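These notes concern the structure reproduced below.
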Amino acid sequence: MLPALSEKELDRLEDLLITYGNDYSVLNLAELNGFFTALASSPVTVIPEQWLPVVAGGKVPKFKKPAHEEAYTALMLRYANQVAEELGDNIDRFEPLFEESEGEQGMVIVMEEWCFGYMRGTQVAGWKPLPAEQDQLLKAISLHGLEDNFELLDQMGEDDIQACVPQVVEAARGLFRYFKLH
């Protein structure tokens with residue numbers, strides 16, 4: 305069991321994501337957390353050689369320094385492992401890493417990045433169509449994680465979107481339970 309990443313290591317990982325990121329890559333920890341949650345929940349094992357290029361937006365970046373490459377890969381592997389352990393250790397307590405921002409009435413939870421990461425993870429793992437109950441769970445996540453739904457989200461108020469937060473958390477837990485615990 306590898307130790308969980310410290311705040312400093314998480315900051316370093318996020319810096320590396322931004323430094324070596326592009327329009328198609330994962331650019332922050334919330335999206336990466338969603339991505340790794342989907343992979344850890346997946347019915348199919350996806351090896352790092354398959355997901356590392358996806359995180360980087362198609363191909364592994366050209367690093368300016370060997371130390372950057374080592375840190376990028378090592379921190380990424382440890383974080384993937386950490387998310388999988390958090391899910392496996394106590395799924396009922398698992399909390400996605402959502403971002404927060406200042407809304408009209410104070411702090412609001414922003415699920416979009418995490419949900420986009422999750423949906424990207426399901427694509428990499430090649431999830432097959434799900435039974436109705438699990439499909440509904442995935443829809444709770446894809447509502448906030450697919451560009452096709454932007455128009456729908458634009459019509460929702462801040463309160464409606466915030467009301468989706470527990471649904472997304474429950475969906476992540478429910479999908480993990482479905483694939484891993486039965």
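Just so you know, we're using our numbering here: the sequence shown kicks off at 305 and counts up by one.
Note that the Cβ used here is the ideal one computed from N, Cα and C, for glycine as well.
Because the structure is a prediction, the values reported are computed rather than measured.
Opposing strand residues paired with residue i [DSSP bridges]
i: Pro413; result: A small correction: the amino acid at residue 413 is Ile; Pro does not occupy that position in the sequence shown. Note: Ile413 sits in a beta bridge opposite Glu404.
Euclidean distance between Cα positions of residue i and residue j
i: Glu374; j: Asp452; result: 36 Å
i: Asp439; j: Lys369; result: 43 Å
i: Gln332; j: Ile322; result: Checking the displayed sequence, the identity of residue 332 turns out to be Asn instead of Gln. Going from the Cα of Asn332 to the Cα of Ile322 covers about 7 Å.
i: Ser446; j: Met423; result: 7 Å
i: Ala475; j: Ile395; result: 11 Å
Neighbour-count burial assignment, residue i, 16 or more Cβ in a 10 Å radius
i: Leu306; result: exposed
i: Met411; result: exposed
i: Ala378; result: exposed
i: Thr349; result: exposed
i: Arg397; result: exposed
i: Leu485; result: exposed
i: Pro347; result: exposed
Run of the alpha helix (DSSP H) containing residue i, from where it starts to where it stops
i: Val358; result: 352-359
i: Ile395; result: Looking at the DSSP string, Ile395 is not in any alpha helix (DSSP H), and its letter there is neither H nor E.
i: Leu317; result: 311-323
i: Ser345; result: 333-345
i: Leu306; result: Premise fails: Leu306 is in no alpha helix (DSSP H) and is neither H nor E.
i: Tyr328; result: Counting along the chain, Tyr328 falls outside any alpha helix (DSSP H), and DSSP gives it neither H nor E.
i: Gly478; result: 469-484
i: Lys443; result: 436-449
Whether residue i touches residue j by CB criterion (8 Å)
i: Arg382; j: Leu309; result: yes
i: Glu335; j: Gly421; result: yes
i: Val387; j: Ala360; result: no
i: Trp418; j: Gly325; result: no
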